[in-house]
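Protein chains: 2
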Amino acid sequence: MATVAGLFWSRGYAGTSMDAIATATGLGKGSLYGAFGGKRDLYLRVLGGYCAEVTDAASVGLAGPDDGAFARLCAHIRSAAQGIGADHAHHGCLLAKAAAELSEHDHDVAEQARRTFEGLADLLTADIEAAQREGELDATADAGALARFVLSVLRGMEALGKGGVDAEWLDDAAETTIRLLPRTAHDAGTGSTRSGEAETG
Amino acid sequence: MATVAGLFWSRGYAGTSMDAIATATGLGKGSLYGAFGGKRDLYLRVLGGYCAEVTDAASVGLAGPDDGAFARLCAHIRSAAQGIGADHAHHGCLLAKAAAELSEHDHDVAEQARRTFEGLADLLTADIEAAQREGELDATADAGALARFVLSVLRGMEALGKGGVDAEWLDDAAETTIRLLPRTAHDAGTGSTRSGEAETG
DNA sequence: CACGTTATGGACCGAATCGTCCACAATGGT
DNA sequence: ACCATTGTGGACGATTCGGTCCATAACGTG
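So the protein sequences, as listed, match chains Y and B.
Sequential numbering of the first sequence, starting at 1, is according to the numbering used here.
Sequential numbering of the second sequence, starting at 1001, is according to the numbering used here.
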């Protein structure tokens, strides 16, 4: 299944043929069509699995014990920037590719994307609320709006990364985002512990 | 040419056939291949034209007279959120689709995307520097980093919009971005004149 | 008008597309 | 060991793909 995901991921939906999938997996086309219903069904299954993985990974990174929520948020943002910047092949995110290619015409893909984005926003909201309780983020800020803002930055970095923007760009975006987050009044300053300060200049 | 752009835009590169283009434009395939070199050449030309339009439009919106730069920046961000939110068909941005579908395998597409993003960042940087000179934005902030940050948000809203996220989301992201921009110390507060405050609740 | 040049458009080609079909193997129950 | 059921895989078909080719039309020049 991961093999199929790799094909769709790399070549897109229209760009991936069932013959290619059959060859890559070693399965015959009869088996392929017998086990799944067809190309689109297979794609939706792959996409669903991918979205679940993405959400799980974010959950692991963000929804830790109710302690250090702000640091986890910063780490999440930095990790995204670093991961995208290190993706020199511009492989990108399958969900983003799926949404870009198909959500206009395929309602199921659009719905899958919407739900995944909402799930990610929920995770971010929970983390931000925890950071507010912990006195790291301004408790008067709208946690949901803040989460949507952060998610926009994250997805934007993904989109820019696919365009070949270099790692420094993404670092700038990530660090600026962190720096601008509304800290508690008595505790304004830089965004928690910064690991690699040097390379951005 | 706009007809061809519409096809590629809506169906993607792999999803658009030369026959469809011939039918839509009324041209014969011989003419098509005679005037342009082939499918990919035609696509690159369409994409180039689109990128130029996008950059021009941003330039018109952002690079006004050296007056009200901060207001123009806010208007630009809000206009993007509003435009994406109103795009119920999830038509999205051709450049984003092109980058998502092809930049991994087509160096020219990746280069086109990178250059366009850099152009947009330059426009944003110039506007932010103007806002700093005008005393609206913190003059000590790195204008380039701020521009990349704003561009990330803009492209992220685009990506989220394609996923079917509703207009309130995008409004939240836009307003939060504007609110968090580093105002000059003596002039902190809400982000300039807000036109449509009501509908976000 | 005559003529060389260029643009046009659709028939045509081989390759590739998605999906079907069926002979055959594997499996499990008795 | 026997058989019914399920799973397998590749040949096959109808269609569509990108691209070529050429008879014809349109055009500029004398």
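Idealized CB from N, CA, C, for every residue including glycine.
Through-space distance from I84 of chain Y to G163 of chain Y, alpha-carbon basis: On the first sequence, residue 163 of chain Y is found 163 positions in, with the first residue counted as 1. On the first sequence, residue 84 of chain Y is found 84 positions in, with the first residue counted as 1. Taking the straight line joining both Cα atoms gives about 11 Å.
So is H1088 of chain B in contact with chain Y if we call contact Cβ pairs under 8 Å? Residue numbering aside, residue 1088 of chain B sits at position 88 when the second sequence is read from its first letter. So no, H1088 of chain B is outside the interface.
Listed from N- to C-terminal order along the chain, which residues in the segment 1057-1084 of chain B have their beta-carbon within a distance smaller than 7 Å of any beta-carbon of chain Y? Only those residues of the segment 1057-1084 of chain B whose C-beta falls short of 7 Å from the nearest C-beta of chain Y would be listed, and there are none.
For a contact meaning CB atoms closer than 8 Å, what does D172 of chain Y contact in chain B? Numbered from 1 along the first sequence, position 172 holds the residue referred to as residue 172 of chain Y. Ordered by position in chain B, the residues that pass the 8 Å Cβ test against D172 of chain Y are D1142, G1144, A1145, R1148, F1149.
Against chain B, does A14 of chain Y count as a neighbour if the rule is that its beta carbon must be under 8 Å from one of theirs? Counting from one through the first sequence, the residue named residue 14 of chain Y turns up at place 14. Closer than 8 Å to the CB of A14 of chain Y there is at least one CB belonging to chain B.
Taking L205 of chain Y as the query, report the chain B residues whose CB atoms sit under 7 Å from its CB, ordered along the chain. Any property of residue 205 of chain Y remains undetermined from this structure, which presents chain Y solely from 1 to 201.
Distance, G1012 of chain B Cα to L102 of chain Y Cα: The count along the first sequence starts at 1 and reaches residue 102 of chain Y at position 102. The count along the second sequence starts at 1 and reaches residue 1012 of chain B at position 12. Distance between the alpha carbons of L102 of chain Y and G1012 of chain B is about 9 Å.
Quick one: give me the first and last residue of the alpha helix (DSSP H) that R133 of chain Y is part of. Within the first sequence, residue 133 of chain Y is the residue found at index 133, counting from 1. Residues 107-133.
Roughly how many angstroms lie between the CA atoms of R179 of chain Y and S79 of chain Y, to the nearest whole one? For the purposes of this step, residue 179 of chain Y is identified with residue 179 of the first sequence, where counting begins at 1. For the purposes of this step, residue 79 of chain Y is identified with residue 79 of the first sequence, where counting begins at 1. R179 of chain Y and S79 of chain Y: Cα-Cα distance of roughly 16 Å.
Within 8 Å of chain Y by C-beta, residues of the segment 1153-1167 of chain B in sequence order: V1153, L1154, R1155, G1156, M1157, E1158, A1159, L1160, K1162, G1163, G1164, V1165: these are the residues of the segment 1153-1167 of chain B whose beta carbon lies less than 8 Å from some beta carbon of chain Y, given in chain order.
Could you check how far apart the C-beta atoms of H90 of chain Y and A1110 of chain B are, in whole angstroms? I think they sit under 8 Å. What you label residue 90 of chain Y is simply residue 90 of the first sequence in a count that begins at 1. What you label residue 1110 of chain B is simply residue 110 of the second sequence in a count that begins at 1. With a Cβ gap of about 6 Å, H90 of chain Y and A1110 of chain B count as contacting.
Thinking just about the alpha-carbon of each residue, which of Y:D106, Y:V150, Y:D108 is nearest to the one in A126 of chain Y? By 1-based counting over the first sequence, the position of residue 126 of chain Y is 126. The residue with the shortest Cα to Cα distance from A126 of chain Y is Y:V150.
Of the residues Y:L120, Y:V46, Y:G6, which one's Cα is nearest the Cα of T55 of chain Y? Within the first sequence, numbered from 1, the residue matching residue 55 of chain Y stands at position 55. The shortest C-alpha separation from T55 of chain Y is found at Y:L120.
Beta carbon proximity, T1176 of chain B to chain Y, threshold 8 Å: To locate residue 1176 of chain B, count along the second sequence from 1; it is residue 176. So yes, T1176 of chain B belongs to the interface.
Around the C-beta of A1198 of chain B, are 16 or more other C-beta atoms found within 10 angstroms, so that it is buried, or is it exposed? In the second sequence, the residue the question calls residue 1198 of chain B occupies position 198. Since pLDDT at A1198 of chain B reaches only 40, below the 50 mark, its modelled position is unreliable, and the value read off the structure follows with that caveat. Under this definition A1198 of chain B is an exposed residue.
Candidates Y:A69, Y:G156, Y:Q82: which alpha carbon is nearest F117 of chain Y's? For this step, residue 117 of chain Y is matched to residue 117 along the first sequence. Closest by alpha carbon: Y:G156.
Any contact between the segment 1061-1081 of chain B and the segment 1019-1032 of chain B? By contact I mean 3 or more CB pairs, one from each, below 8 Å. Between the segment 1061-1081 of chain B and the segment 1019-1032 of chain B, the count of Cβ pairs shorter than 8 Å is below three; the stretches do not touch.
Residue from B:A1185, B:A1020, B:D1172 with nearest C-alpha to T1003 of chain B: Residue mapping note: residue 1003 of chain B aligns to position 3 of the second sequence, counting from 1. B:A1020 is the residue among B:A1185, B:A1020, B:D1172 whose C-alpha sits nearest the C-alpha of T1003 of chain B.
DSSP state of G6 of chain Y mapped onto helix, strand, coil: Numbered from 1 along the first sequence, position 6 holds the residue referred to as residue 6 of chain Y. Three-state result, G6 of chain Y: helix.
Can you tell which of Y:A69, Y:A22, Y:G61, Y:L95 has its C-alpha closest to the C-alpha of L44 of chain Y? For this step, residue 44 of chain Y is matched to residue 44 along the first sequence. Closest by C-alpha distance to L44 of chain Y, out of Y:A69, Y:A22, Y:G61, Y:L95, is Y:L95.
Starting from the beta carbon of E1111 of chain B, find every residue of chain Y whose beta carbon is closer than 8 Å, and list them in chain order. For this step, residue 1111 of chain B is matched to residue 111 along the second sequence. Going along chain Y in sequence order, the residues near E1111 of chain B (Cβ under 8 Å) are G164.
Compare the Cα-Cα distances from A185 of chain Y to each of Y:E136, Y:A5, Y:I77, Y:V60 and report the closest residue. Reading the first sequence from its first residue, position 185 is the one you call residue 185 of chain Y. For A185 of chain Y, the nearest C-alpha among the options comes from Y:E136.
When you check each C-beta in the segment 1094-1108 of chain B against every C-beta of chain Y, which residues fall closer than 7 Å? Of all residues in the segment 1094-1108 of chain B, A1096, K1097, A1099, A1100, E1101, S1103, E1104 have a Cβ within less than 7 Å of some Cβ in chain Y.
Assuming E158 of chain Y and C93 of chain Y form a contact by the criterion Cβ under 8 Å, report the distance between their Cβ atoms to the nearest whole angstrom. As a working note, residue 158 of chain Y is residue 158 in the first sequence. As a working note, residue 93 of chain Y is residue 93 in the first sequence. About 5 Å; that satisfies the 8 Å criterion.
Using a Cβ-Cβ distance under 8 Å, would S10 of chain Y count as near chain B? By one-based count along the first sequence, residue 10 of chain Y stands at place 10. Yes, because at least one Cβ of chain B sits closer than 8 Å to the Cβ of S10 of chain Y.
How close, in whole Å, do the beta carbons of A22 of chain Y and L7 of chain Y come, if the pair is a contact with beta carbons under 8 Å? For the purposes of this step, residue 22 of chain Y is taken as residue 22 along the first sequence, with counting starting at 1. For the purposes of this step, residue 7 of chain Y is taken as residue 7 along the first sequence, with counting starting at 1. 11 Å between Cβ atoms; not a contact.
Checking contacts by CB at 8 Å: is R1040 of chain B closer than that to chain Y? Within the second sequence, residue 1040 of chain B is the residue found at index 40, counting from 1. No, R1040 of chain B lies away from the interface with chain Y (no Cβ there is under 8 Å from its Cβ).
Any idea what DSSP makes of L94 of chain Y, helix, strand or coil? If you number the first sequence from 1, residue 94 of chain Y lands on position 94. DSSP places L94 of chain Y in helix when its eight states are reduced to three.
C-beta neighbour in chain B for R133 of chain Y, strict 8 Å: Your numbering for residue 133 of chain Y matches position 133 in the first sequence. For R133 of chain Y, not one C-beta of chain B is nearer than 8 Å to its own C-beta.
Determine whether the beta carbon atoms of L62 of chain Y and L124 of chain Y lie at a separation below 8 Å. Residue numbering aside, residue 62 of chain Y sits at position 62 when the first sequence is read from its first letter. Residue numbering aside, residue 124 of chain Y sits at position 124 when the first sequence is read from its first letter. Yes. Within cutoff.
If you drop the 5 nearest sequence neighbours on each side, which residues of the same chain put their C-beta closer than 8 Å to that of T177 of chain Y? For the purposes of this step, residue 177 of chain Y is taken as the residue at position 177 of the first sequence. Only I77, V150, V153 meet the Cβ criterion.
Chain B residues whose Cβ lies nearer than 8 Å to that of L180 of chain Y: Counted from its first residue, the first sequence places residue 180 of chain Y at position 180. Chain-order list of chain B residues neighbouring L180 of chain Y: F1149, L1180, L1181, P1182, by C-beta distance under 8 Å.
Would you mind sorting L1181 of chain B into buried or exposed? The rule is 16 or more other CB atoms within 10 Å of its CB. Stepping through the second sequence from its first residue, residue 1181 of chain B is reached at position 181. Classification for L1181 of chain B: buried.
Secondary structure at L1047 of chain B, three-state DSSP: helix, strand or coil? What you label residue 1047 of chain B is simply residue 47 of the second sequence in a count that begins at 1. In the structure shown, L1047 of chain B adopts helical secondary structure according to DSSP, grouped into three states.
Under 7 Å from the C-beta of F1117 of chain B: neighbouring residues of chain Y: Counting from 1 along the second sequence, the entry for residue 1117 of chain B is found at position 117. Neighbours of F1117 of chain B in chain Y, taken as residues at a C-beta separation under 7 Å, are given in chain order as L160, G163, V165.
Name the DSSP bridge partner or partners of L137 of chain Y? Here residue 137 of chain Y refers to the residue found at position 137 when the first sequence is read from its first residue. The partner list for L137 of chain Y (beta bridge, DSSP) reads Y:R183.
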